[in-house]
Amino acid sequence: MENNITPYDIIAKAEALRNNLSTGFRDEIVKSIYSEAESIAQRAIKTASDKKYDLDQKIDRLVTSPWTGLPIMLILLGVIIWLTVSGANVVSEAIATVLFAVGDLGRNFFNSLGFIPWWVTGFIWDGVYLGLAWVISVMLPPMMIFFPAFTFLEDLGYLPRVAFNMDWLFKKAGAHGKQSLTMAMGFGCNAAGVVATRVIDSPRERLIAILTNNFVPCNGRFPTLIMLATVFVASAFPAALTSFVAAGTVVGVVLIGVAFTFLMSWLLSRTVLKGEASAFTLELPPYRKPNIGRILYTSIIDRTIFVLWRAMQTAAPAGAIIWILANIPYGDVNLARAIADWLNPFGLLLGLDGVILLAYIIAIPANEIVVPTMMMVYMGAGMMIDGPSSSGAIFDLLVNGNGWTMLTAVNLMLFALLHNPCATTVITIYKETKSWKWATVSVVITLGTAFLVTFLTASIARLFGWV
Amino acid sequence: MTNTKINLPTEHCETCPAFTQLEQMGIKVGDFDRVVALAGNPNTGKSTLFNALTGLKQHTGNWPGKTVTRAEGGYQFNNVKYKIVDLPGTYSLLSASQDEEVARDFILFGQPSCTIVVTDATALERNLNLVMQVMEITDKVVVAVNLMDEARRKGIEVDTRSLARDLGVPAIPITARSGEGVATLLATISDVIEGNITVKPHRVEGTPEFQKAVNELVPMIESMAPGIPNARWLAIRLLDGDARVQKAITSGELGEIVSRQSRADVQFSRKMSVEGRQ
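Residue numbers (our numbering), protein chains in the order written: chain C, 316 to 782; chain E, 191 to 468.
Below, the structure is given as structure tokens:
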């Protein structure tokens with residue numbers, strides 16, 4: 316530089332000048348900015364009447380009141396999940412019927428050609444195709460109902476009210492009130508929830524929000540919960556009540572997840588991430604008439620198709636792997652069965668079984684494919700020609716064919732809720748925290764909780780002789 | 191793919207087609223003449239305006255903190271290509287949260303030709319805090335008073351002329367959702383960048399001793415990095431002990447910005463004179 320003033324001169328000068336200033340000079344500036352803004356705004360604004368605003372305030376008084384706020388939230392959550400459960404079942408069965416029929420046609424066509432080896436036909440139609448067919452029929456219907464409903468509330472402006480209602484709870488847990496927003500995002504996708512934690516200022520509270528985000532079930536895990544709730548819990552009730560009981564069960568599981576979010580946030584903020592919750596301002600935006608076209612576009616294209624595509628990308632190789640494992644002989648059985656048998660003692664300890672654990676290992680890239688993977692291993696190599704498309708068939712396969720009990724179903728729901736984040740979320744956590752340490756911690760915390768909780772419920776159930 | 195041409199509704203210049211022609215360029219922003227930053231409080235419709243201009247479908251949602259990273263897109267107006275950068279919505283630029291830092295760093299180090307601050311006509315007072323803070327950093331500011339339809343419904347009348355006079359920068363009433371006022375906004379942005387409209391941002395003075403300290407630092411910064419457009423803000427941040435700004439000064443980042451900026455200006459005027467525009 317040709318001139319003789321260096322950056323260090325400037326910084327030194329600034330330090331010297333700062334010492335001469337009164338300590339609160341920056342606060343003074345901020346204060347005068349605020350008062351200037353106020354007087355400029357007052358000069359520019361004329362308010363005639365406040366009719367619409369009054370209505371907004373009346374609604375807000377209701378949905379953010381300490382008495383009615385939380386119940387209204389629960390009812391809305393219940394309604395969304397009920398819509399999803401009752402609508403998705405019908406569509407799921409229809410899609411499954413069509414896709415499995417297409418699979419049959421394809422397999423028969425390959426066989427009729429005569430020159431294609433059995434293992435090519437099996438690999439393509441019973442492996443890759445079946446994996447895809449399962450994921451589409453299990454995931455697509457719930458997503459097509461859940462995402463638009465969620466986006467509707469988002470567009471309406473309800474989400475910030477949720478944050479407002481839950482702020483005191485998060486504060487008690489030593490976490491940031493905006494964590495409820497990132498938690499809400501987690502219902503869609505945990506990776507998206509982790510990214511959304513950028514709105515939290517304090518690194519400590521942000522880390523808590525990141526590490527606990529996985530305790531709310533994402534859309535990849537909802538189908539598992541819905542299926543188990545429908546097939547097991549609701550089947551004990553009269554048919555007319557099925558969808559309500561199933562929805563109630565899923566809401567219950569979600570609430571357990573929220574409870575674990577608070578518990579873990581509290582534990583973290585008392586131990587490794589010590590500190591007090593910081594204050595923040597949260598704007599309650601005006602309610603706006605949701606734009607239906609945009610809701611459909613966002614929820615169908617940006618969310619449903621995006622998530623489904625991701626699931627399909629992992630389902631195809633997963634289907635292939637299962638087919639290969641199921642067709643490599645190992646002693647008297649096949650390799651998949653052998654691995655499942657080897658995992659079985661540990662699985663039983665947790666109230667699960669070896670197949671479920673194997674499914675979770677194969678499904679590490681994406682949680683969406685747990686149920687399909689499990690089904691395919693249960694059905695084995697040869698006998699999966701007709702996938703079970705109705706709740707009755709699934710119940711029969713699991714209970715009579717593979718020794719499931721109510722404990723297996725309940726513990727699988729708990730495991731699905733609490734277990735480790737999918738690979739995408741772990742990578743996102745690494746990217747956001749720039750630390751493998753925290754990414755690892757997120758896995759250890761969730762997996763540890765899942766093991767501990769399922770072990771406890773299994774032990775208690777056995778102790779009391781319930782199973 | 192051809193760009194979408196859109197005729198915006200306008201009440202000011204219906205007879206002048208060039209004024210109403212907006213060309214959405216999506217994410218094709220490789221070759222652009224000007225950079226425009228889009229700042230504003232959360233939930234004021236920044237993303238809606240961004241989508242309306244670029245034709246992109248950046249997700250918009252009715253909750254604060256949705257845009258945490260910056261999104262980029264392009265549009266063409268009166269044959270000048272603009273790159274527009276949608277910054278995270280923030281209430282201020284003072285705290286250290288990541289979204290505020292992204293917004294602040296871009297306005298300061300990204301050196302946009304113009305910064306649009308989108309404000310909510312129904313909550314102007316709170317929104318003006320950010321406008322004032324942006325005006326501390328840069329002169330080239332245009333205030334877009336959005337959600338005019340909502341304000342009208344609530345019986346709120348906004349006198350944008352009084353607003354512009356008090357702020358010292360243009361204030362344009364718009365409704366991004368319907369496109370109302372957007373043509374005027376674009377024309378104003380272009381006028382501010384070309385210098386057809388003179389901006390004189392209103393800034394708070396502070397105590398006399400503070401003024402004196404700032405006045406001592408500004409000439410030093412200006413002589414170190416001649417042509418720096420926001421020496422005053424840098425001086426204030428240095429007095430505050432802002433580590434990010436200290437680093438920018440010592441690493442030479444600031445000097446680079448200035449030379450890059452002047453190079454771009456030369457290129458642009460050469461291009462304009464060759465193509466006979468402006």
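Glycine residues also receive a C-beta, built at the ideal position from the N, C-alpha and C atoms.
Looking at the backbone, the Cα of C/ARG519 and that of E/TYR281 are separated by about 21 Å. In the DSSP annotation of this structure, the continuous segment of the alpha helix (DSSP H) that includes C/GLY634 starts and ends at 621 to 642.
Counting only unbroken stretches of 4 or more residues, the alpha helix (DSSP H) elements lying wholly within the segment 471 to 500 of chain C are 474 to 487, in sequence order. Taking 9 Å as the threshold, the shortest C-beta distance from C/GLU591 to chain E does not fall below it.
Put simply, the CB of C/ASN335 is near chain E, with a gap under 9 Å to one of its CB atoms. Shown here for C/SER337: not one same chain residue has a beta carbon closer than 6 Å to its own, the five before and five after excluded. The C-beta of C/GLU351 comes closer than 9 Å to at least one C-beta of chain E. Runs of the alpha helix (DSSP H) spanning 4 or more residues and lying entirely within the segment 392 to 449 of chain C occur at 433 to 436, in chain order. Its Cα nearest to that of C/LEU526, the residue C/VAL587 stands out among C/ALA562, C/VAL587, C/ILE390.
A contact is defined here as three or more CB-CB pairs under 8 Å, and the segment 611 to 618 of chain C meets this definition with respect to the segment 457 to 474 of chain C. Here C/GLY646 is not bridged, per DSSP, to any residue. Close to C/GLU343, with beta-carbon spacing below 7 Å, are these residues of chain E in chain order: GLY396, THR397. Straight-line spacing of the CA atoms in C/VAL477 and C/VAL560 works out to 25 Å.
The C-alpha of C/LEU733 is placed about 9 Å away from the C-alpha of C/GLY763. CA-to-CA, the gap between C/GLU683 and C/ALA448 works out to about 13 Å. In the structure shown, E/ASP295 falls within a helical segment according to DSSP collapsed to helix, strand and coil. Counting only residues of its own chain and dropping the five nearest sequence neighbours on each side, C/ALA549 has a CB closer than 6 Å to the CB of THR557, VAL560, ALA561.
In terms of beta-carbon proximity, E/ASN233 lines the interface with chain C, with at least one pair separated by less than 9 Å.
Sixteen is the threshold: when 16 or more other Cβ atoms of the shown chains lie within 10 Å of the Cβ of E/ASN241, as they do, the residue is buried.
Neighbourhood of C/PRO601 in chain E, by CB distance below 7 Å: THR312, GLU340, in chain order.
Cβ atoms of C/PHE340 and E/PHE400 come within 8 Å of each other, at about 5 Å.
Contact annotation, E/GLU347 with C/LYS361: C-beta distance approximately 4 Å; criterion of less than 8 Å satisfied. The CB of C/LEU332 comes closer than 8 Å to the CB of ALA403, GLU406, LEU407, LEU429 in chain E, given here in chain order. Interface flag for E/ALA366 against chain C is unset, since no Cβ pair is found closer than 9 Å.
The beta carbon of C/TYR675 does not come within 9 Å of any beta carbon belonging to chain E, so the residue lies off that interface.
The alpha-carbon of C/PHE485 is positioned some 21 Å away from that of C/CYS504. E/GLN401: member of the alpha helix (DSSP H) spanning 398 to 414, first to last residue. E/GLN436 belongs to the set of residues whose beta carbon lies under 9 Å from a beta carbon in chain C. Membership of C/ILE360 in any alpha helix (DSSP H) is not indicated; the residue belongs instead to the beta strand (DSSP E) covering 360 to 362. Separation of E/VAL404 and E/ALA293 (C-alpha to C-alpha, rounded to the nearest whole angstrom) is 24 Å. The closest CA to that of C/TRP397, considering only C/ASN735, C/ILE431, C/VAL565, is found on C/VAL565. Taking all protein chains shown into account, C/ASP668 has 16 or more neighbouring C-beta atoms within 10 Å of its C-beta and is therefore buried.
The Cβ atoms of C/LEU583 and C/ILE515 lie no closer than 9 Å to each other. DSSP, reduced to helix, strand and coil, places E/THR234 outside both helices and strands of the structure shown, so it counts as coil. Against C/ASP324, the close residues of chain E are MET410, MET414, in the order they occur along the chain (beta-carbon pairs closer than 9 Å). In the three-state DSSP reduction, E/TYR265 falls in the strand class (E or B).
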